[in-house]
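In the working numbering, the protein residues as written are 530 to 702.
So the structure is just underneath, and the comments pick up after that.
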Ligand SMILES: [Zn+2]
């Protein structure tokens with residue numbers, strides 16, 4: 530079992546012990562970690578699923594890698610896409626994988642890593658912080674145009690300084 534470092538406490542999450550690999554055929558843990566860390570978010574490819582904090586851990590069950598994934602928003606249409614992305618990324622590397630959905634504790638935007646915040650802002654999306662600033666000119670004079678952005682997890686904002694509209698990742702705690 531290799532657990533990802535979590536920015537928030539993960540009460541109720543009981544890691545299972547990694548099992549020894551008698552055959553030696555499994556890829557090394559570090560390689561699995563590297564592969565998992567590189568999977569882009571299907572909805573916002575500028576950040577990875579690891580940046581989002583949704584990959585909670587993994588363990589081998591027989592020859593199948595079981596990856597624990599916490600959905601971002603319940604009912605979010607991206608959930609199935611996220612699970613498919615994880616399974617596909619591993620299968621493409623010859624690793625049979627299945628995703629186990631972990632809904633407790635629920636995902637929070639606080640789990641998005643600092644690197645994830647930086648990537649979102651560089652991509653033009655204001656990260657889910659309490660103080661919103663323009664991702665382009667970094668002005669704090671901004672206002673919400675609509676609660677509904679290009680996806681359910683984003684809202685539409687506009688910068689009063691440079692006039693640019695931008696998406697803001699909604700806080701979800
Ligand atoms: Zn601006």
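Just so you know, even glycine gets a beta-carbon here, dropped at the ideal spot from N, CA and C.
The straight-line gap separating the alpha-carbon atoms of residue 591 and residue 681 is approximately 38 Å. Assignment of beta-bridge partners to residue 648 by DSSP yields no partner.
For residue 591, the CB stays at least 8 Å from every heavy atom of ligand 1. Setting aside the 5 residues that flank it on each side, residue 597 is surrounded in the same chain by 585, 586, 587, 629, 631, each with a C-beta closer than 7 Å to its C-beta; the list follows chain order. DSSP places residue 636 in the coil class of the three-state scheme, outside both helix and strand.
Under a 10 Å Cβ-count criterion, residue 612 is classified as buried, with 16 or more other Cβ atoms of the shown protein chains found around its own Cβ.
Per DSSP, the unbroken alpha helix (DSSP H) holding residue 615 starts and ends at 607 to 620. By the 16-neighbour rule on beta-carbons within 10 angstroms, residue 644 is exposed.
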